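For the sequence shown, counting from 1, position 194 maps to 193 in numbering that gives the first Met the number 0; every step adds exactly one.
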Amino acid sequence: MAKPHGGMALASLAARPLGFVAGVWRALGSRAELLLAGLAVTAAVIGLYLARPVWLEFQDGKLYDAMLTRERPTVRSGVPVVVDIDEASLAEHGQWPWPRYRVALLLGRLRNAGIAAVGLDIVFAEPDRASPSAVIGQLRRDLRLDAAVTGLPDALSDYDRVLADMLRSGPFVLGYYQDFGQPGHAGGPAGQASEGACPLPPARLSMAKTPDAMPLDACLPESRRMVCPLPVLAKAAPAAGFINTLPDRDNIVRRSPLVLEHLGRLTPSLALATVMEAYGIKNAVLRVTSGGIESLALGSDTLGRRVIPLDAGGRVLVNYRGPGGTFPHVSAADVLAGRVDPGEIKGRIAFVGASAAALRDLRATPMDRAMPGVEVHATIADMIVSGDFLSQPDWAVAVELSATAVMGLLSAALLAYAPAATLLIPFAALGAGGWYGAAELLGRTGLYVSPLFPLLVLVLNFTLLTFLKFWREERQKRFLHGAFSRYVAPAVVARIMARPKDLRLTGEERDVTVLFSDVRGFTSLSERLTPTQVSELLNRYFTPLTRIIMERLGTMDKFIGDALMAFWNAPVAVPDHPAQAVAAALEMGQRLDALNVAFARDYGLTIAAGVGLHRGKARVGNFGSEDLFDYTVIGDAVNLASRLEGLTKYYDVRVLVSGEIRQEAQDAPGLAGIAAFVAVDRVRVKGRDEAVDLFAVFSAAEADSRREELAAFGAARDLYAAGRFAEAAEAFTALAGQYAWKAFGVFAERCAALAEDPPPDGWDGVFAHTSK
Numbered sequence: 000m001a002k003p004h005g006g007m008a009l010a011s012l013a014a015r016p017l018g019f020v021a022g023v024w025r026a027l028g029s030r031a032e033l034l035l036a037g038l039a040v041t042a043a044v045i046g047l048y049l050a051r052p053v054w055l056e057f058q059d060g061k062l063y064d065a066m067l068t069r070e071r072p073t074v075r076s077g078v079p080v081v082v083d084i085d086e087a088s089l090a091e092h093g094q095w096p097w098p099r100y101r102v103a104l105l106l107g108r109l110r111n112a113g114i115a116a117v118g119l120d121i122v123f124a125e126p127d128r129a130s131p132s133a134v135i136g137q138l139r140r141d142l143r144l145d146a147a148v149t150g151l152p153d154a155l156s157d158y159d160r161v162l163a164d165m166l167r168s169g170p171f172v173l174g175y176y177q178d179f180g181q182p183g184h185a186g187g188p189a190g191q192a193s194e195g196a197c198p199l200p201p202a203r204l205s206m207a208k209t210p211d212a213m214p215l216d217a218c219l220p221e222s223r224r225m226v227c228p229l230p231v232l233a234k235a236a237p238a239a240g241f242i243n244t245l246p247d248r249d250n251i252v253r254r255s256p257l258v259l260e261h262l263g264r265l266t267p268s269l270a271l272a273t274v275m276e277a278y279g280i281k282n283a284v285l286r287v288t289s290g291g292i293e294s295l296a297l298g299s300d301t302l303g304r305r306v307i308p309l310d311a312g313g314r315v316l317v318n319y320r321g322p323g324g325t326f327p328h329v330s331a332a333d334v335l336a337g338r339v340d341p342g343e344i345k346g347r348i349a350f351v352g353a354s355a356a357a358l359r360d361l362r363a364t365p366m367d368r369a370m371p372g373v374e375v376h377a378t379i380a381d382m383i384v385s386g387d388f389l390s391q392p393d394w395a396v397a398v399e400l401s402a403t404a405v406m407g408l409l410s411a412a413l414l415a416y417a418p419a420a421t422l423l424i425p426f427a428a429l430g431a432g433g434w435y436g437a438a439e440l441l442g443r444t445g446l447y448v449s450p451l452f453p454l455l456v457l458v459l460n461f462t463l464l465t466f467l468k469f470w471r472e473e474r475q476k477r478f479l480h481g482a483f484s485r486y487v488a489p490a491v492v493a494r495i496m497a498r499p500k501d502l503r504l505t506g507e508e509r510d511v512t513v514l515f516s517d518v519r520g521f522t523s524l525s526e527r528l529t530p531t532q533v534s535e536l537l538n539r540y541f542t543p544l545t546r547i548i549m550e551r552l553g554t555m556d557k558f559i560g561d562a563l564m565a566f567w568n569a570p571v572a573v574p575d576h577p578a579q580a581v582a583a584a585l586e587m588g589q590r591l592d593a594l595n596v597a598f599a600r601d602y603g604l605t606i607a608a609g610v611g612l613h614r615g616k617a618r619v620g621n622f623g624s625e626d627l628f629d630y631t632v633i634g635d636a637v638n639l640a641s642r643l644e645g646l647t648k649y650y651d652v653r654v655l656v657s658g659e660i661r662q663e664a665q666d667a668p669g670l671a672g673i674a675a676f677v678a679v680d681r682v683r684v685k686g687r688d689e690a691v692d693l694f695a696v697f698s699a700a701e702a703d704s705r706r707e708e709l710a711a712f713g714a715a716r717d718l719y720a721a722g723r724f725a726e727a728a729e730a731f732t733a734l735a736g737q738y739a740w741k742a743f744g745v746f747a748e749r750c751a752a753l754a755e756d757p758p759p760d761g762w763d764g765v766f767a768h769t770s771k
């Protein structure tokens with residue numbers, strides 16, 4: 000027999016695997032659809048595992064909380080004790096804050112009782128206003144009294160120094176707060192200071208890095224500012240630690256940082272610093288590898304060696320011993336009154352904090368949604384002393400992914416071949432067994448392996464495949480009963496009519512002009528009005544502005560609080576859309592002037608608003624979800640228009656437009672005798688590398704009345720653009736004294752700075768705005 004031709008042989012070989020796959024598919028029949036659906040669900044769940052969306056992170060946290068709250072063995076050291084500023088203490092000694100001499104007395108009582116160390120979950124950030132010297136100063140300042148204190152030792156005239164003397168005499172650890180906001184951010188307790196103004200004791204921390212270690216700033220959150228103890232206290236204390244706990248995104252404290260970074264310096268937590276002080280630990284070593292932070296090692300002759308497992312971000316899983324009140328609590332009032340047996344606290348680690356509801360130092364934890372924050376520190380200290388840690392090992396990822404894949408494939412195969420009703424109990428037992436196994440692993444070994452995604456794929460496969468089987472059976476019944484005509488029933492037609500093609504989530508690229516307008520300082524203005532007045536004012540403001548935009552052929556997009564967004568040239572083409580937008584912006588300003596007369600009369604205030612305009616390419620269409628969407632515009636043109644609106648306050652102008660708008664609109668017939676464009680600046684805005692030419696737009700009447708002022712601005716700006724900064728600074732400074740336009744002062748400062756520190760050769764005249 001002749002051998003087949005080469006091409007026929009290749010076709011034959013290719014046909015064999017395809018034929019085999021087709022044969023298997025036919026053999027599986029309808030089960031193949033179920034298997035394919037199960038595989039798709041499994042793949043989707045694995046994708047979710049890798050993406051880690053926030054809502055699943057919350058569910059994982061709830062599963063972990065349920066495991067942690069089960070009865071399980073824990074190793075307790077019996078060392079930590081809470082010295083509680085409780086309701087009884089406030090009732091006996093008055094409201095907080097107490098005079099610092101009383102805090103010193105409290106610490107003295109603890110020291111004399113033989114305490115090993117005391118961690119203060121308190122930030123003494125401001126001077127004690129109850130000090131006699133402070134009170135005398137206030138009386139002299141406020142009441143003009145020549146007051147003095149007689150018979151009081153000099154040592155007691157300043158309670159801060161009294162406390163500082165006490166801190167020098169014992170194993171006391173001060174607390175401070177690390178602020179993770181931007182520079183100048185006012186979050187957290189009062190009294191923020193930079194690292195340079197915070198003379199903290201040595202941290203006693205070091206690092207051990209592998210050659211391929213991840214940079215520390217990629218692992219640890221770095222605080223920009225600190226809320227520090229008073230310098231006189233910080234210099235006196237032998238140790239200090241931050242009191243931050245950094246909860247998860249659902250505000251539950253499951254993990255807590257042991258080490259944080261502040262301006263390149265490692266800093267310990269209050270719990271860590273207190274344990275190190277109690278056991279005389281001179282150094283703790285942070286191990287950093289290619290995967291991030293791995294552990295913290297410390298030890299001493301009395302404590303032994305401890306290796307604390309940390310996650311890649313330097314946080315430890317908090318092994319809670321129970322709800323609030325699990326640790327021994329000693330009332331601060333009892334300590335001060337000498338009602339506490341020294342044997343109860345001798346050799347122990349005390350954390351001084353508050354449980355009084357009025358002080359609101361409460362944290363949400365898996366064990367207790369209102370646990371005193373001081374008990375979180377006590378728990379971490381107890382973990383370190385007892386060596387009883389929880390961790391999520393590196394191999395947990397491989398186990399979780401493997402369990403998800405196996406559970407998905409197994410459930411899909413079972414559902415493809417067996418009735419769903421018969422699998423309900425086995426699947427429930429399988430899910431319960433997975434959760435119980437993970438809980439037992441956590442309870443017995445301290446290792447956390449999440450069962451969330453294996454359980455999720457089990458539930459989704461059971462739900463979806465059961466639905467598919469039910470749907471397919473119902474479809475067969477309808478076909479067998481001759482119900483084919485129902486496929487074109489009026490209900491189907493109504494469904495199609497309810498979702499026509501032109502409402503699909505599609506879009507097109509268009510050349511558009513985008514307008515943003517925002518009321519300046521509206522938050523402070525609204526605080527002067529009732530909610531009803533705020534709503535009424537905004538309605539009176541937006542209504543005429545919206546009409547102007549629509550009369551000028553614009554499309555109203557949305558209202559964003561006290562701001563509005565509109566665009567031109569979609570969905571209907573507007574040939575002169577830049578000019579129409581400029582005209583609308585000017586008319587909006589004129590209308591606002593008229594409105595302010597009524598606002599001053601009715602509300603006792605006036606408002607100012609800025610308008611930003613830019614022309615460019617953008618995507619226009621219906622965007623949103625299948626059930627709810629808007630006809631809107633997205634793209635770089637929108638972002639730039641928003642940035643320009645934000646710069647109107649900076650340049651003290653009402654309307655600011657890009658060079659693209661000015662190029663198209665300046666000579667437009669519709670703007671003749673209406674608008675005047677004045678070059679303001681050439682900038683690079685945040686989030687955009689390309690330089691933008693900025694132009695202020697004035698009405699023709701305003702430009703005419705300010706002709707000399709605007710001409711002088713242009714001349715001074717020419718000096719700036721030419722790099723003659725000293726001359727420009729002198730010109731702008733003179734103009735700032737002559738005219739009220741704040742732009743003169745802005746350029747005067749900029750030119751003075753550039754004259755002192757000139758830009759490099761080849762400067763292109765572009766100023767970079769670093770904020771929105």
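Beta carbons: idealized from backbone N, C-alpha and C, even for Gly. Since the model is a prediction, treat every value here as computed from it, not as a measurement.
*Cα separation between Ala-742 and Tyr-649?*
In the sequence shown, counting from the first residue as 1, residue 742 sits at position 743. In the sequence shown, counting from the first residue as 1, residue 649 sits at position 650. Ala-742 and Tyr-649: Cα-Cα distance of roughly 8 angstroms.
*Residues near Leu-440 in its chain [Cβ-Cβ closer than 7 angstroms; skip 5 each side]*: Here residue 440 corresponds to residue number 441 of the sequence shown, with the count starting at 1. Hits under 7 angstroms: Leu-446, Val-448.
_Residues bridged to Asp-381 [DSSP beta-bridge criterion]_ = Reading the sequence shown from its first residue, position 382 is the one you call residue 381. Bridge partners of Asp-381: none, in fact.
*How should Trp-394 be labelled, buried or exposed, when 16 other C-beta atoms within 10 angstroms of its C-beta is the threshold for buried?*
Here residue 394 refers to the residue found at position 395 when the sequence shown is read from its first residue. Exposed is the call here.
*Under 8 angstroms between the Cβ atoms of Ala-730 and Gly-744?*
For this step, residue 730 is matched to residue 731 along the sequence shown. For this step, residue 744 is matched to residue 745 along the sequence shown. In this structure, Ala-730 lies away from Gly-744, with their beta-carbon atoms at least 8 angstroms apart.
*Helix, strand or coil for Ile-348 per DSSP?*
By 1-based counting over the sequence shown, the position of residue 348 is 349. Assignment of Ile-348 by DSSP, reduced to helix, strand and coil, places it in the strand class.
*Exposure of Ser-704, with buried meaning 16 or more beta-carbon neighbours within 10 Å*: Working through the sequence shown from its first residue, we reach residue 704 at position 705. By the neighbour-count rule (16 or more Cβ atoms within 10 Å), Ser-704 is not buried but exposed.
*Run through DSSP, which three-state label would Val-453 get?*
As a first step, residue 453 is located in the sequence shown; it is residue number 454 there, counting from the start. Sequence inspection shows Pro at residue 453; the Val mentioned does not correspond to that position. In the structure shown, Pro-453 sits in a helix (DSSP, three-state: H, G or I).
*asked:* Can you tell me whether His-184 is buried or exposed? The criterion is at least 16 other CB atoms within 10 Å of its CB, across all chains shown.
replied: The count along the sequence shown starts at 1 and reaches residue 184 at position 185. Low confidence applies to His-184: its pLDDT is 35, below 50, so where it sits in the model is not reliable, and the reading given next is rough at best. Exposed, by the Cβ-count rule.
*Going straight from the alpha carbon of Pro-453 to that of Thr-465, what length do you get?*
Residue mapping note: residue 453 aligns to position 454 of the sequence shown, counting from 1. Residue mapping note: residue 465 aligns to position 466 of the sequence shown, counting from 1. One C-alpha to the other measures close to 18 angstroms.
*asked:* If I follow the unbroken alpha helix (DSSP H) through Ser-525, where does it start and stop?
replied: What you label residue 525 is simply residue 526 of the sequence shown in a count that begins at 1. For Ser-525, the uninterrupted alpha helix (DSSP H) run begins and ends at 521-525, by DSSP.
*Figure out for me which residue from Leu-361, Leu-709, Ser-289, Ala-207 has the closest Cα to the Cα of Asn-243.*
Sequence index remark: in the sequence shown, residue 243 carries index 244 (1-based). Checked all of Leu-361, Leu-709, Ser-289, Ala-207; the closest Cα to Asn-243 is Leu-361.
*asked:* If I follow the unbroken beta strand (DSSP E) through Lys-557, where does it start and stop?
replied: Locating residue 557 in the sequence shown gives position 558, counting from the first residue. Counted as a single uninterrupted DSSP element, the beta strand (DSSP E) harbouring Lys-557 occupies residues 554-559.
_Which of helix, strand or coil DSSP assigns to Val-487_ = Mapped onto the sequence shown, residue 487 falls at position 488. With a pLDDT of only 25 at Val-487, under the threshold of 50, the placement of this residue in the model should not be trusted; the figure read from the coordinates follows. Under the three-state reduction of DSSP, Val-487 is assigned to helix.
_Three-state class that DSSP yields for Met-370 in the structure shown_ = Start at 1 with the first residue of the sequence shown, and residue 370 comes out as number 371. When DSSP states are grouped into helix, strand and coil, Met-370 belongs to the strand group.
*My understanding is that Glu-276 touches Pro-170, with C-beta atoms under 8 angstroms, so please give their C-beta distance in whole angstroms.*
Numbered from 1 along the sequence shown, position 277 holds the residue referred to as residue 276. Numbered from 1 along the sequence shown, position 171 holds the residue referred to as residue 170. Confirmed, about 5 angstroms.
*Rounded to whole angstroms, how far is the Cβ of Leu-612 from the Cβ of Leu-643, which I believe are closer than 8 angstroms?*
For the purposes of this step, residue 612 is taken as residue 613 along the sequence shown, with counting starting at 1. For the purposes of this step, residue 643 is taken as residue 644 along the sequence shown, with counting starting at 1. Confirmed, about 7 angstroms.
_If the criterion is Cβ atoms closer than 8 angstroms, does the pair Thr-273 and Gly-240 meet it?_
Position 274 of the sequence shown holds residue 273. Position 241 of the sequence shown holds residue 240. Cβ distance < 8 angstroms, so Thr-273 and Gly-240 count as in contact.
*CB of Asp-760 to nearest heavy atom of the ligand GTP: below 7 angstroms?*
Ligands are entirely absent from the displayed structure, and the ligand GTP is therefore not among its contents.
*For Pro-267, does the three-state DSSP call read helix, strand or coil?*
The sequence position of residue 267 within the sequence shown is 268, counting from 1. Strand at Pro-267.
_Could you compute how far the alpha carbon of Ile-307 sits from the alpha carbon of Asn-318?_
Your numbering for residue 307 matches position 308 in the sequence shown. Your numbering for residue 318 matches position 319 in the sequence shown. Rounded to whole angstroms, Ile-307 to Asn-318 spans 12 angstroms at the Cα level.
*Could you give the DSSP three-state label for Met-206: helix, strand or coil?*
Numbered from its first residue, the sequence shown carries residue 206 at position 207. Here DSSP, grouped into helix, strand and coil, assigns Met-206 to strand.
*Straight-line CA distance for Ala-238 to Ala-202?*
Taking the sequence shown and counting its residues from 1, the one referred to as residue 238 is at position 239. Taking the sequence shown and counting its residues from 1, the one referred to as residue 202 is at position 203. The straight-line gap from Cα to Cα measures roughly 7 angstroms.
*Using DSSP with H/G/I as helix, E/B as strand and the rest coil, what is Thr-288?*
Looking up residue 288 in the sequence shown gives position 289. In this structure, DSSP gives Thr-288 an extended state, which the three-state scheme calls strand.
*Beta-carbon proximity list for Ser-222, same chain, < 7 angstroms, skipping 5 on both sides*: For the purposes of this step, residue 222 is identified with residue 223 of the sequence shown, where counting begins at 1. Hits under 7 angstroms: Gln-177, Asp-178, Phe-179, Leu-259, His-261.
*Between the CA atoms of Glu-526 and Asp-83 - distance to the nearest angstrom*: Mapped onto the sequence shown, residue 83 falls at position 84. Mapped onto the sequence shown, residue 526 falls at position 527. Distance between the alpha carbons of Asp-83 and Glu-526 is about 39 angstroms.
*Excluding the five sequence neighbours on either side, which residues of its own chain have a C-beta within less than 6 angstroms of the C-beta of Arg-286, listed in chain order?*
For the purposes of this step, residue 286 is taken as the residue at position 287 of the sequence shown. If we look at Arg-286 and ignore the five residues flanking it on each side, its Cβ neighbours are Ala-207, Glu-293, Ser-294.
_Local conformation of Lys-685 per DSSP, three classes_ = As a first step, residue 685 must be located in the sequence shown, where it is residue number 686. Three-state result, Lys-685: coil.
*Taking DSSP as the reference, what is the three-state secondary structure of Lys-741?*
Locating residue 741 in the sequence shown gives position 742, where the first residue counts as 1. In the structure shown, Lys-741 sits in a helix (DSSP, three-state: H, G or I).
*Opposing strand residues paired with Val-775 [DSSP bridges]*: No answer is possible for residue 775: the residues shown for the chain start at 0 and end at 771.
*Which value, in whole angstroms, describes the spacing of the CA atoms of Val-284 and Ser-401?*
For this step, residue 284 is matched to residue 285 along the sequence shown. For this step, residue 401 is matched to residue 402 along the sequence shown. If I take the Cα positions, the gap works out to 34 angstroms.
*asked:* Rounded to the nearest angstrom, what separates Phe-766 and Ala-678 at their Cα positions?
replied: Position 767 of the sequence shown holds residue 766. Position 679 of the sequence shown holds residue 678. Taking the straight line joining both Cα atoms gives about 14 angstroms.
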